[in-house]
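Just so you know, we're using the numbering used here here: the sequence shown kicks off at 110 and counts up by one. Below is one structure, written out as structure tokens; the observations come after it.
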Amino acid sequence: MLKSRLICNKASNNGIFGSVELFNFINSPDFEEIFKTATLLTNNGGKPDIILSRLIEEKGFNALPVLVDKHHYSLLLSSKLTRIYRGVVYKDAIKDFAYNENMFIGKGIYCNGVYFVYGDNAKSEAEQYVYLRMPNSIFHKARRYGAVIEALISNDANIIDINSLHKLSMKMVQKVQKLKGLSNETKDRLITILNNDPAKCAVLKGYDAIDISGQNYLVVLNRSKLIMQKPKGKEK
């Protein structure tokens, strides 16, 4: 289990969320369409979490990771930074994650976000994921078409464990129910968004990642808190 690092944010919008992102979002012109689309895609494997993606962009959490050269990265490996791995099934995934501003926010079992694994067997687990996700027709070519993203999580990253996050999300829902000045429809939508995925609460509270206790998963929300060795080849 990673050590959780709690933070305090300045209160705004009735002191409920400590941020304005969600309120800005529900008042945006395209919220109605996004809400409907996101509802239809709930638990539909392979589809992005549109609402979480927007909240992450509003927060600036889609900023690119810190890229360093091979020598600098080797020096960082000797420090106490946690090394994390992510298995993906297309060969340009490492460059995409390092250079593409459009950060893909997927759906997961415990919460939504970008799943990495950490621990003693993390790299082999990520590699195994690549093999298991490959269609049978190209299974033998997994090494050619798949990739494993390796990164370090910054020491100043604010991490919350999933159990604490569930409690925090429940408290946030209770506060939404008591909010004044919002229509019942808006409250219902906010509650739906928060209940569907605790990662929304984590972003609104400023957490950079979620530790899935007991599973060695780290769900990254703020890409800028990762350090990567600069990928070979040209930027995308």
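Glycine residues also receive a C-beta, built at the ideal position from the N, C-alpha and C atoms.
The way I'd put it, the segment 169-177 doesn't touch the segment 221-229; fewer than three beta-carbon pairs between them come closer than 8 Å. C220 and D306 have their C-alpha atoms some 6 Å from each other. Y238 and F206 have their C-alpha atoms roughly 18 Å apart. Within 10 angstroms of the beta-carbon of K309 lie 16 or more other beta-carbons, which makes it buried.
Residue state for L241 is assigned as helix, using DSSP reduced to three classes.
In this structure, D320 lies near L327, with their beta-carbon atoms less than 9 Å apart. In the three-state scheme derived from DSSP, where H, G and I count as helix and E and B as strand, E234 is classed as helix. Straight across, the Cα-Cα distance linking L164 with R195 is about 22 Å. Counting only unbroken stretches of 3 or more residues, the beta strand (DSSP E) elements lying wholly within the segment 257-342 are 268-270, 318-321, 326-329, 335-338, in sequence order.
G196 is bridged by DSSP to V257. Taken through DSSP and simplified to helix, strand or coil, F225 comes out as strand.
Short of 8 Å from the beta carbon of D178, and not among the five residues preceding or following it, lie these beta carbons of its own chain, in chain order: Q338, K339.
Contact check for Y316 and I258: beta-carbon distance about 21 Å, past the 8 Å limit, so the pair fails to qualify. A straight-line Cα-Cα distance of about 23 Å links V282 and I214.
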